[in-house]
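Residue numbers (this note's numbering), protein chains in the order written: chain A, 13 to 275; chain B, 13 to 275. In this text, a Cβ means the ideal position worked out from N, Cα and C, and glycines have one as well.
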DNA sequence: GTCTATATCTGGATAGAC
DNA sequence: GTCTATCCAGATATAGAC
């Protein structure tokens, strides 16, 4: 991933460059997708990186090709009839891979669900780490969180939807980590609110923890209520604008002069 | 149900009496529970009314006693491991009723899920019909919807949670009705907003449909994110106040003089 | 690396005794 | 009205050929 350097000196460099600038990936869904390539071969490569050690197949060519088939068909089946209700025979038929073949890619049915959760966490962690590595003012930070998260929800829709609805099938550890991840996201929102209030950008005398919690909930709607948005033909930009606008209205916030930059 | 008269003349009477008054059941959770008795024997009687024709047992005594066991254990099992993952042998062990015994109360495993959905719909319909039979001003109507819905979510928590997460296991018809019910709820919120704007009680220039949609989402949080509210020890009154306050802030609304009544 | 064939078991559902 | 015993479809998982 070119966007997420793990090298310390590069981190510092990026951090300085980005001071007082907008997060560069939230200007549009198209820009986000171009920057983060969470689709196509790079996605399946990531799946292989995370899950490869549990596979018998080591040749990259067929591995990536079949991982794509297996995961995509799992989403199609699980997100309509449910993961428990989906049999591996269903999956075999749908992918065109035999039963025996499937087991060269997954250790067990549960392993498959587990891998999906692990890959999604990996992606979220990478994108959010990058977002918080940029030093943004509270207004731009809030904007980056909201737009970035909705874009990510959109690109990784099947993954989020699966993890939300099949959480009960995961291990205790995985459920706990998922809860921790959500709590951490809430905290980051809350800290952004607090920071903005201290800076005089927001003024709000209500319950700031609950506001963070419910902002998270509004963001999750983009993958949880897809049927409704499709029915009403609501575009992703419309929805992201709406969420941002709603939170600002509650917070009593407007973009401060000091944060006006490239945008 | 004493609260939901189907008699027309009584309807009109209640309607006149309630003009310009608050909905009488949203003053506190305790008041709501006292008025609507959605627990105990009356609840199982309702289950029997809705689902009884599919049962072999016709004697009311054991019927109510075992229905309570079966449904409560189903909630405990399904809401932890999932309905599909729960076997009827699990349910048999948990209830203390034999496999054969269970089948005297349900036609099939799927029937059980189906009955849960049907009973919940019945309750929602009854409570909401009553709410909208009262002629309230837009401010009080909004308050009644928000508090009433959260109270109902709380009392019927297991039922809501089950229906939300096991929706995929239901028939196409049932899923469609559930979606219709939610859309109708959104519409009623939206109409309340519109009415309030026309009356000058609210002023809002944003997307009113999305606001209704996301208000519904905030209300659903009370049963979807119970783990978070328990963790943070958020009381139901605190949460209901917060949601009402947030929507009012977005709408730019305050309680008008004209709607001040008994409260 | 992929397939066929098969072992093994679990779960839903029913028959019939009490 | 409730239980025991049993049937059998369908599920996961593996062995071993190609």
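Please classify residue 216 of chain A: does DSSP put it in a helix, a strand, or coil?
-> As a position in the first chain, residue 216 of chain A is number 204, starting the count at 1. In the structure shown, residue 216 of chain A adopts coil according to DSSP, grouped into three states.
Please look up how many angstroms separate the CB atoms of residue 100 of chain A and residue 157 of chain A, rounded, as I've assumed it's under 8 angstroms.
-> Position 88 of the first chain holds residue 100 of chain A. Position 145 of the first chain holds residue 157 of chain A. In this structure residue 100 of chain A does not touch residue 157 of chain A by the C-beta definition: roughly 39 angstroms separates them, more than the 8 angstroms allowed.
Consult DSSP for residue 77 of chain A and reduce its assignment to one of helix, strand or coil.
-> Position 65 of the first chain, counted from the first residue, corresponds to residue 77 of chain A. Three-state DSSP puts residue 77 of chain A in a helix.
Under a CB-based cut-off of 7 angstroms, is residue 257 of chain A close to chain B?
-> Residue mapping note: residue 257 of chain A aligns to position 245 of the first chain, counting from 1. At least one beta carbon of chain B lies nearer than 7 angstroms to the beta carbon of residue 257 of chain A.
Using 8 angstroms as the threshold, is the stretch 85-95 of chain B in touch with the stretch 57-73 of chain B, meaning 3 or more CB pairs across them?
-> Output reads no: the stretch 57-73 of chain B does not touch the stretch 85-95 of chain B.
Counting contacts by CB-CB distance shorter than 7 angstroms, is residue 186 of chain A in contact with chain B?
-> On the first chain, position 174 is the one that residue 186 of chain A refers to. So, not an interface residue.
To which residues of the same chain is residue 228 of chain A closer than 8 angstroms at the C-beta, ignoring the five residues directly before and after it?
-> Position 216 of the first chain, counted from the start, is the residue given in the question as residue 228 of chain A. Correct list, in chain order: 194, 197, 198 and 201.
Min CB distance residue 183 of chain B to chain A below 7 angstroms = Position 171 of the second chain, counted from the first residue, corresponds to residue 183 of chain B. For residue 183 of chain B, the closest Cβ of chain A is not nearer than 7 angstroms.
Quick one: list the residues of chain B neighbouring residue 246 of chain A, beta-carbon separation under 9 angstroms, in chain order.
-> In the first chain, residue 246 of chain A corresponds to position 234, counting from 1. The contacting residues are 219, 221, 222 and 225.
Under 7 angstroms, do residue 249 of chain A and residue 151 of chain A count as touching if we go by C-beta distance?
-> For this step, residue 249 of chain A is matched to residue 237 along the first chain. For this step, residue 151 of chain A is matched to residue 139 along the first chain. Between residue 249 of chain A and residue 151 of chain A, the C-beta spacing is not below 7 angstroms.
Got a sec: is the Cβ-Cβ distance from residue 144 of chain B to anything in chain A below 7 angstroms?
-> Here residue 144 of chain B is taken as the residue at index 132 of the second chain, counted from 1. It does not: the Cβ of residue 144 of chain B has no partner Cβ on chain A nearer than 7 angstroms.
Report the rounded CA-to-CA distance for residue 240 of chain A versus residue 176 of chain B, giving the unit in angstroms.
-> Here residue 240 of chain A is taken as the residue at index 228 of the first chain, counted from 1. Here residue 176 of chain B is taken as the residue at index 164 of the second chain, counted from 1. Rounded to the nearest whole angstrom, the C-alpha separation of residue 240 of chain A and residue 176 of chain B is 15 angstroms.
Could you tell me whether any Cβ in chain B is nearer than 7 angstroms to the Cβ of residue 174 of chain A?
-> Residue numbering aside, residue 174 of chain A sits at position 162 when the first chain is read from its first letter. Chain B, which has no Cβ nearer than 7 angstroms to the Cβ of residue 174 of chain A, makes this no.
Residue of B/234, B/105, B/225 and B/160 minimising C-alpha distance to residue 42 of chain B = If you number the second chain from 1, residue 42 of chain B lands on position 30. The residue with the shortest Cα to Cα distance from residue 42 of chain B is B/160.
For residue 97 of chain A, return the contacting residues in chain B, with the cut-off set at a CB-CB distance below 9 angstroms.
-> Walking along the first chain from the start, residue 97 of chain A turns up at place 85. Those are 96, 180 and 181, listed as they occur along chain B.
Can you tell me whether DSSP reads residue 192 of chain B as helix, strand or coil?
-> Against the second chain, residue 192 of chain B aligns to sequence position 180. DSSP, reduced to helix, strand and coil, places residue 192 of chain B within a helical segment of the structure shown.
Look at the alpha carbon of residue 261 of chain A and the alpha carbon of residue 207 of chain A, and state the distance between them as a whole number of angstroms.
-> Here residue 261 of chain A refers to the residue found at position 249 when the first chain is read from its first residue. Here residue 207 of chain A refers to the residue found at position 195 when the first chain is read from its first residue. Linking residue 261 of chain A to residue 207 of chain A through their CA atoms gives a straight-line distance of about 17 angstroms.
Going by Cα to Cα distance, which pick from B/185, B/220 and B/205 is closest to residue 126 of chain B?
-> The count along the second chain starts at 1 and reaches residue 126 of chain B at position 114. Residue B/185 is the option with its Cα nearest to residue 126 of chain B.
Among residues of its own chain, excluding the 5 on either side of residue 230 of chain B, which ones have a beta-carbon nearer than 6 angstroms to its beta-carbon?
-> As a working note, residue 230 of chain B is residue 218 in the second chain. Spatial neighbours of residue 230 of chain B in its own chain (CB-CB distance under 6 angstroms, excluding positions within 5 residues in sequence) are listed in chain order as 255.
Residue ranges of each alpha helix (DSSP H) run of no fewer than 4 residues wholly in the stretch 122-194 of chain A, ordered along the chain?
-> As far as the stretch 122-194 of chain A is concerned, its whole alpha helix (DSSP H) runs of at least 4 residues are 150-167 and 169-177.
Going by C-alpha distance, which of B/138, B/203 and B/117 is nearest residue 48 of chain B?
-> As a first step, residue 48 of chain B is located in the second chain; it is residue number 36 there, counting from the start. Among B/138, B/203 and B/117, the Cα nearest to that of residue 48 of chain B belongs to B/138.
So, is the C-beta of residue 230 of chain B closer than 7 angstroms to a C-beta in chain A?
-> Along the second chain, one-based indexing puts residue 230 of chain B at 218. Cβ-Cβ to chain A under 7 angstroms: yes for residue 230 of chain B.
Name the chain B residues that come within less than 9 angstroms of residue 233 of chain A, Cβ to Cβ?
-> Residue 233 of chain A sits at position 221 when you count from the first residue of the first chain. Within chain B, the residues whose beta carbon sits less than 9 angstroms from that of residue 233 of chain A are 225, 226 and 229, listed in sequence order.
For residue 177 of chain A, go through chain B and note every residue whose CB falls closer than 7 angstroms to its CB, in chain order.
-> Here residue 177 of chain A refers to the residue found at position 165 of the first chain. Within 7 angstroms Cβ-Cβ: 177.
Distance, Cα to Cα, residue 51 of chain B vs residue 81 of chain A?
-> Taking the first residue of the second chain as 1, we reach residue 51 of chain B at position 39. Taking the first residue of the first chain as 1, we reach residue 81 of chain A at position 69. Distance between the alpha carbons of residue 51 of chain B and residue 81 of chain A is about 48 angstroms.
Evaluate the contact criterion for the stretch 60-69 of chain B versus the stretch 105-119 of chain B: three or more CB pairs, one atom per stretch, below 8 angstroms.
-> Touching, yes, given that three or more Cβ pairs across the two stretches are closer than 8 angstroms.
Check the Cβ of residue 261 of chain B against every Cβ in chain A and list those closer than 7 angstroms, keeping chain order.
-> Your numbering for residue 261 of chain B matches position 249 in the second chain. The answer, in chain order, is 261 and 262.
According to the Cβ coordinates, are residue 97 of chain B and residue 96 of chain A closer than 7 angstroms?
-> As a first step, residue 97 of chain B is located in the second chain; it is residue number 85 there, counting from the start. As a first step, residue 96 of chain A is located in the first chain; it is residue number 84 there, counting from the start. The answer is yes: Cβ separation under 7 angstroms.
Answer yes or no: does any C-beta atom of chain B fall closer than 7 angstroms to that of residue 83 of chain A?
-> Translated into the one-based positions of the first chain, residue 83 of chain A becomes position 71. The C-beta of residue 83 of chain A comes no closer than 7 angstroms to any C-beta of chain B.
In the DSSP assignment, find the unbroken alpha helix (DSSP H) run with residue 364 of chain A in it and report its ends.
-> Nothing can be reported for residue 364 of chain A, as the shown portion of chain A is limited to 13 through 275.
Span of the alpha helix (DSSP H), counted from its first residue to its last, around residue 241 of chain A | Counted from its first residue, the first chain places residue 241 of chain A at position 229. Segment 238-243, the alpha helix (DSSP H) holding residue 241 of chain A.
Taking C-beta pairs closer than 8 angstroms, name the residues in chain A that residue 251 of chain B reaches, listed in chain order.
-> Along the second chain, read from residue 1 onward, the residue named residue 251 of chain B stands at position 239. Those are 222, listed as they occur along chain A.
Report the neighbours of residue 191 of chain B on chain A: residues whose CB is nearer than 9 angstroms to its CB, in chain order.
-> Indexing the second chain from 1 puts residue 191 of chain B at position 179. Result: 239, 240 and 243.
Through-space distance from residue 268 of chain B to residue 60 of chain B, alpha-carbon basis = As a working mapping, residue 60 of chain B is identified with position 48 in the second chain. As a working mapping, residue 268 of chain B is identified with position 256 in the second chain. Approximately 44 angstroms, taken between the alpha carbons.
Quick one: does residue 13 of chain A have its CB under 7 angstroms from some CB of chain B?
-> Along the first chain, read from residue 1 onward, the residue named residue 13 of chain A stands at position 1. Reliability of the predicted coordinates at residue 13 of chain A is poor, the pLDDT of 41 falling under 50, and the value obtained from them is presented with this limitation in mind. Residue-level contact by beta carbon fails for residue 13 of chain A and chain B, as no gap is shorter than 7 angstroms.
Terminal residues of the continuous alpha helix (DSSP H) containing residue 40 of chain B?
-> By one-based count along the second chain, residue 40 of chain B stands at place 28. From DSSP, residue 40 of chain B is part of no alpha helix (DSSP H); its letter is neither H nor E.
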